[in-house]
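One rule links them: number in the numbering used here = place in the sequence shown (from 1) + 73.
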Amino acid sequence: MPDAYLDAMDVGESTELWAKVLSMAPGKMIAVYVAETSDGVIGFASGNLLAEAKFGLDAELGAVYLMPHAQRSGIGRRLVAMVANTLAARGANGLIAWVITENKPARQFFAQLGAQLLIEQAYTWEGDDLIEAGYAWRDLAALAQACGE
74 MPDAYLDAMD VGESTELWAK VLSMAPGKMI AVYVAETSDG VIGFASGNLL AEAKFGLDAE
134 LGAVYLMPHA QRSGIGRRLV AMVANTLAAR GANGLIAWVI TENKPARQFF AQLGAQLLIE
194 QAYTWEGDDL IEAGYAWRDL AALAQACGE
């Protein structure tokens with residue numbers, strides 16, 4: 074996402090949005106995990122089953138975020154593993170994740186977890202023309218193992 078969008082984010086609005094998303098999720102379509110310390114929430118990961126497969130993949134890793142001080146600690150890997158294991162238990166076989174091509178740390182993170190680059194494509198977000206990369210894991214057990222599970 075563009076920096077201007079991220080800078081304008083509001084915790085209250087984000088909380089309301091997530092409450093709405095979680096209340097509307099049909100059945101067991103979504104998996105969300107939060108990492109928390111005594112200081113509060115330090116990160117989260119979310120994923121969902123797809124109503125229609127994309128590139129032969131039936132689930133999506135929708136978001137992974139960690140506060141800067143929590144990055145490179147293994148927490149992100151554990152969050153991704155929990156999402157992958159939950160979606161696999163719900164019948165998913167493969168997972169796709171989308172990332173802005175300029176986000177090199179996220180791209181490296183996905184590659185370290187064994188993701189394969191499937192596609193790069195243009196799209197528009199809040200009026201900005203961007204390029205996103207789609208990364209795939211076709212074996213969720215292997216993804217969990219790469220995460221250290």
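Think of the CB as a built atom: it goes at the ideal place given N, C-alpha and C, for glycine as much as any other residue.
Ordered along the chain, which non-local residues of its own chain (more than five positions away) have a Cβ less than 7 Å from that of residue i?
i	result
A165	L122, D131, A132, L213
T174	E193, I204, E205, A206
Among the options, which residue has its Cα nearest to the Cα of residue i?
i	options	result
I231	A124, A179, K177	Only positions 74 to 222 of the chain appear in the structure, and residue 231 is not among them; the question remains open.
A108	E89, Q144, L134	Q144
L216	F182, H142, K177	F182
N176	V153, V137, V114	V137
L134	D201, A179, D202	A179
If you drop the 5 nearest sequence neighbours on each side, which residues of the same chain put their C-beta closer than 6 Å to that of residue i?
i	result
M82	Only weak support is given to the placement of M82: the predicted model assigns it a pLDDT of 48, under 50, and the question is left unresolved by the model.
L191	F128, G207, A209
E222	A154
Going by beta-carbon coordinates alone, are residue i and residue j separated by less than 8 Å?
i	j	result
G147	G116	no
L151	C220	Before going on, a small fix: residue 151 reads as Arg here, not Leu. A contact, by the Cβ cut-off of 8 Å.
Note down, in chain order, each residue of its chain lying with its Cβ closer than 8 Å to the Cβ of residue i, except the 5 sequence neighbours on either side.
i	result
G129	G167, R211
D112	none
L186	R150, V153, W210, L216, A219, C220
Subject >> Segment contact flag, the region 207-214 with the region 164-178, C-beta cutoff 8 Å, min 3 pairs >> reply: yes
**OP:** Report yes or no: do three or more beta-carbon pairs, one from the region 151-161 and one from the region 190-199, lie closer than 8 Å?
**Re:** no
Original post:
Residue ranges of each alpha helix (DSSP H) run of no fewer than 4 residues wholly in the region 160-222, ordered along the chain?
Top reply: 177-185, 213-219
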